[in-house]
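S.K.: Residue numbers (my numbering): 89 to 413.
Beta carbons are placed, not taken as given, at the ideal position from N, Cα and C, and that holds for glycine.
This is how it looks when you write it as structure tokens:
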């Protein structure tokens, strides 16, 4: 069995987790294994139809009232318990903030290996092979895991969603046992950003700004540009975040978030290797910079040399005309 852990946000399964489930289904089909999904929470069985629709034969609902809010310690105990009982051969996670926090904890509890931030999964000679970027994206490593179960986190927006399947299957309810002392902290409050923007890791279009914006006010230009596209988000370089122009949750790069959107627009970003490591897997890269020698222009599919304060408003206006026709 190849199982996919599905993250839940605001009562819905995240798109990145559905991508992981789709990949689990494809590889399970090649290996002749069953596909399963794992939901963890206080009352999550009602979300099973969304997993059945993407090919899960079984949905494991691991439930406990104490799991209403995400806790890395509690969720790791719950998932380790699931793995011990259901014995999946493989367990996939999305390489989101939660997945990167949770998967290593589960791997440590199971004494299993973990392939992190994978951009490709293949079946060779009946075994899974995982490919992930290393050295800030300058090279790729292909590896096999010898331990069982095999754990891996898959980069969002890299693996396509599968086609809809017959929305039926078996829901298996499991009570999560949380021993006394296993959870040493609790969630007191969840503070959400006021903006309605989606997370940059899940956006299909990311418009990022850097030091060239000269201040926080200029990010309004990027928000106007991003608003032209559906499922878009505003990103930023580390220099813009360190300057306090925008929140750290928008940071793209080696010390921020790794994104793989369909379109990445870099505005006023020079293209330091740390930033390139976080966005080089974007499908199409457009860079706007006043310096014709900026490193970002060397990796861009389309480059614009000019004053961003003149170009961005005109670009936004023209895109509105084209996309609204």
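Hey, is the segment 380-391 in contact with the segment 318-335, meaning 3+ C-beta pairs nearer than 8 Å?
M.R.: With the cut-off at 8 Å, the segment 380-391 and the segment 318-335 do not touch.
S.K.: Look up residue 241 in the DSSP assignment and say whether it is helix, strand or coil.
M.R.: Strand, per DSSP.
S.K.: Take the Cβ of residue 274 as the centre, count every other Cβ of all protein chains shown within 10 Å, and call the residue buried at 16 or more, exposed below.
M.R.: Residue 274 comes out exposed.
S.K.: To which residues does DSSP link residue 180 through a beta bridge?
M.R.: Answer by DSSP bridge pairing, in chain order: 92, 240.
S.K.: Would a C-beta distance cut-off of 7 Å place residue 94 and residue 125 closer than the cut-off?
M.R.: Contact flag set, yes.
S.K.: Label residue 120 either buried or exposed according to how many other C-beta atoms from any shown protein chain fall within 10 Å of its C-beta, with 16 as the threshold for buried.
M.R.: It is exposed - the Cβ of residue 120 has fewer than 16 other Cβ atoms within 10 Å.
S.K.: Just to confirm my understanding: we take residue 179, look at its own chain, exclude 5 residues before and 5 after, and list those with CB closer than 7 Å. What are they?
M.R.: Contacts found: 91, 93, 171, 237, 239.
S.K.: Where residue 243 and residue 270 are concerned, what is the direct C-alpha to C-alpha distance, given to the nearest angstrom?
M.R.: Straight-line Cα distance between these residues: approximately 29 Å.
S.K.: Could you check whether the segment 96-113 touches the segment 248-261, counting it as contact only if at least three pairs of C-beta atoms, one from each stretch, sit closer than 8 Å?
M.R.: Output reads yes: the segment 248-261 touches the segment 96-113.
S.K.: Out of curiosity, what's the CA-to-CA distance linking residue 276 and residue 412?
M.R.: So the two alpha carbons sit approximately 44 Å from each other.
S.K.: Buried or exposed for residue 349, going by 16 or more other Cβ atoms inside 10 Å?
M.R.: So residue 349 counts as buried.
S.K.: State yes or no: is the C-beta of residue 210 within less than 7 Å of the C-beta of residue 217?
M.R.: Cβ distance < 7 Å, so residue 210 and residue 217 count as in contact.
S.K.: Check this for me: beta carbons of residue 215 and residue 232, under 7 Å apart or not?
M.R.: Yes, these two residues count as a Cβ contact at 7 Å.
S.K.: Look at the alpha carbon of residue 161 and the alpha carbon of residue 150, and state the distance between them as a whole number of angstroms.
M.R.: Computed Cα separation, rounded: 15 Å.
S.K.: Between the segment 200-208 and the segment 137-153, do at least 3 Cβ pairs fall closer than 8 Å?
M.R.: Result no; under three Cβ-Cβ pairs closer than 8 Å.
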